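*Asks:* If you're matching positions, the sequence shown starts at 64 in the working numbering and goes up one per residue.
No residue lacks a Cβ here, since even glycine has one placed at the ideal position from N, Cα and C.
Keep in mind it's a predicted model, so treat the numbers as computed, not measured.
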Amino acid sequence: MDVNENMKKSAYKFIFLIGIVSLFSDFTYEGARSIIGPYLGLLGASSAAVGFVSGLGEFIGYAFRIVTGIISDKTKNYWTMTIIGYGLNLIAIPLLAFVPEKGWIYACGLILLERLGKAIRNPSKNTLVSFAASQVGAGKGFALQEALDQIGAFLGPVMLFIILTLKGGSNTKEAYGLCFLALGITAILAVLVLLISKKLYPTPESFDKSKEVEGKISFELPFWLYIAAISLVAAGFADFPIMSFHLVKEKIFADNIIPILYSLAMGVDAVAALFFGWLYDKKGISSLIIATAMSAFFAPLVFLSTYKVTIIFGIMLWGIGMGAQESILKATVTNLTSKNRRATAFGIFNTGFGLFWFLGSYAMGILYGISIKYLVLFSIITQAASIPLFYAVDRKNKQ
């Protein structure tokens with residue numbers, strides 16, 4: 064086996080290990096996310112409050128990445144930033160079990176703390192993966208990591224479904240508390256595998272043989288058009304807590320079924336990530352246009368229908384959108400930037416995405432209280448508006 068094949072094999076192993084870290088981490092976070100809407104409702108939060116904290120959490124999880132991305136590029140301490148971020152995840156989720164009755168504000172604080180941890184770790188983690196992905200193809204590399212990530216995102220809600228079902232399908236604080244404590248176990252496993260990965264691959268940047276671009280950190284027009292496009296996608300993409308809030312409020316599904324619906328979405332997410340990652344390496348940004356066009360119609364199916372089959376199909380379309388976001392969006396950043404600017408680029412990308420996710424989620428929380436039809440129109444129009452921009456990025460990048 065020649066040197067290049069050895070390097071490629073090692074790159075796949077590294078991506079797999081980081082994927083296992085993501086698996087345990089998303090087992091924890093997505094498990095919590097699947098029940099956080101009804102849990103906040105149980106603690107006394109309104110629909111606007113659920114939409115606000117969901118959006119603010121995503122905003123914090125994304126917006127601070129521009130700072131942590133710059134710090135990572137300046138210091139090159141990618142591992143340190145990643146470990147600190149996962150450590151906060153380990154602390155925040157189990158503590159949700161100890162929130163007092165009617166203490167939804169405290170629960171919101173812990174949700175935001177966990178999202179801050181993601182802001183600290185993600186630019187560095189994505190940069191580490193991008194180094195290895197340069198050996199195997201950006202689309203395939205991020206798709207593999209995302210697929211493993213989504214296995215955890217699928218299993219976490221399934222475990223919570225089992226716990227809630229064993230508790231009689233109840234929506235008591237005790238039942239939810241047990242769920243959050245159980246998720247603490249996988250949070251510990253995520254940190255342990257991360258430390259093993261660091262020991263085995265202390266310098267993953269050696270995978271990337273591309274040249275660094277010296278001088279001022281700046282980006283070309285296609286990158287900024289791309290930021291505008293993904294911001295529109297984020298604004299129109301309803302977060303799951305507002306969806307689960309609606310489904311429980313309208314008594315369409317029981318509380319203990321909500322985690323299963325989320326698991327279904329995460330299973331679709333994993334398959335979609337692999338498919339669109341493969342398609343991206345062949346067709347480029349055209350694959351992102353296809354994914355956006357498909358997922359743009361989840362909102363009317365989920366929010367306007369009372370038929371369970373229709374709603375489930377809408378949730379599957381939502382899962383397709385999530386899979387594309389987690390694989391293709393990152394792969395595109397990798398291909399639009401040089402290696403020494405990449406953590407900064409991921410930071411800018413995530414800040415724009417997070418800001419508009421926050422604004423969109425809060426807007427949809429308010430629109431939900433006025434008219435669900437307004438929420439649906441907002442979601443479809445903003446996502447559809449991103450497609451011409453993606454097309455422009457594709458054209459500019461090929462020139």
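Can at least three beta-carbon pairs, one atom from the region 214-228 and one from the region 313-328, be found at a separation below 8 Å?
*Replies:* A contact exists between the region 214-228 and the region 313-328.
*Asks:* With burial defined as no fewer than 16 other Cβ atoms inside 10 Å of the residue's Cβ, what is the status of K345: buried or exposed?
*Replies:* Translated into positions along the sequence shown, residue 345 becomes position 282. Exposed, because fewer than 16 other Cβ atoms sit within 10 Å of the Cβ of K345.
*Asks:* Assign Y370 to one of three DSSP states: helix, strand, or coil.
*Replies:* Here residue 370 is taken as the residue at index 307 of the sequence shown, counted from 1. In this structure, Y370 counts as coil in the three-state DSSP scheme.
*Asks:* Among the residues of its own chain, which have a CB less than 8 Å from the CB of L440, if the five just before and after it don't count?
*Replies:* Here residue 440 refers to the residue found at position 377 when the sequence shown is read from its first residue. Result list for L440: empty, nothing under 8 Å.
*Asks:* If I measure Cβ to Cβ from K279 and keep anything under 6 Å in the same chain, skipping five residues before and after, which residues do I get?
*Replies:* Residue numbering aside, residue 279 sits at position 216 when the sequence shown is read from its first letter. Summary for K279: the model assigns pLDDT 44, below 50, so the residue's position carries little reliability, and this model does not support an answer.
*Asks:* Could you pull the start and end residues of the alpha helix (DSSP H) that D271 belongs to?
*Replies:* Sequence index remark: in the sequence shown, residue 271 carries index 208 (1-based). No alpha helix (DSSP H) holds D271; DSSP gives it neither H nor E.
*Asks:* For F243, collect the residues of the same chain with a Cβ closer than 7 Å to its Cβ; drop the 5 residues on either side in sequence, then sort them by chain order.
*Replies:* As a first step, residue 243 is located in the sequence shown; it is residue number 180 there, counting from the start. Hits under 7 Å: A95, I156, P157, L159, A160.
*Asks:* CB-CB under 7 Å to T190, same chain, minus the five flanking residues each way: which ones, in chain order?
*Replies:* Against the sequence shown, residue 190 aligns to sequence position 127. Result list for T190: S135, Y141, R405, A406, F409, in chain order.
*Asks:* Do the CB positions of W420 and E237 come within less than 8 Å of each other?
*Replies:* Against the sequence shown, residue 420 aligns to sequence position 357. Against the sequence shown, residue 237 aligns to sequence position 174. Against a cut-off of 8 Å, the Cβ pair of E237 and W420 comes out as no contact.
*Asks:* For the alpha helix (DSSP H) containing R178, name the first residue and the last one.
*Replies:* For the purposes of this step, residue 178 is taken as residue 115 along the sequence shown, with counting starting at 1. Where R178 is concerned, the enclosing alpha helix (DSSP H) stretches over 167-199.
*Asks:* Taking the C-alpha atoms as reference points, what is the distance between L452 and I147?
*Replies:* Residue 452 sits at position 389 when you count from the first residue of the sequence shown. Residue 147 sits at position 84 when you count from the first residue of the sequence shown. One C-alpha to the other measures close to 36 Å.
*Asks:* Cα separation between I214 and L207?
*Replies:* Within the sequence shown, numbered from 1, the residue matching residue 214 stands at position 151. Within the sequence shown, numbered from 1, the residue matching residue 207 stands at position 144. Distance between the alpha carbons of I214 and L207 is about 11 Å.
*Asks:* Could you tell me whether the region 413-430 touches the region 105-120, using the rule of 3 or more Cβ pairs below 8 Å?
*Replies:* Yes, they touch.
*Asks:* Which stretch, first to last residue, makes up the alpha helix (DSSP H) that contains T466?
*Replies:* This structure cannot settle anything about residue 466, because the visible part of the chain is limited to 64 through 462.
*Asks:* Given this structure, state the Cα-to-Cα distance separating G247 from G150, to the nearest angstrom.
*Replies:* Position 184 of the sequence shown, counted from the start, is the residue given in the question as residue 247. Position 87 of the sequence shown, counted from the start, is the residue given in the question as residue 150. Between G247 and G150, the C-alpha separation is close to 11 Å.
*Asks:* According to DSSP, simplified to helix, strand and coil, what is P285?
*Replies:* By 1-based counting over the sequence shown, the position of residue 285 is 222. Helix at P285.
*Asks:* Is A238 helix, strand or coil when you go by DSSP?
*Replies:* Indexing the sequence shown from 1 puts residue 238 at position 175. DSSP places A238 in helix when its eight states are reduced to three.
*Asks:* Let's test the definition: count the other Cβ atoms within 10 Å of the Cβ of V372 and tell me whether it reaches 16, buried, or not, exposed.
*Replies:* One-based indexing of the sequence shown puts residue 372 at position 309. Exposed is the call here.
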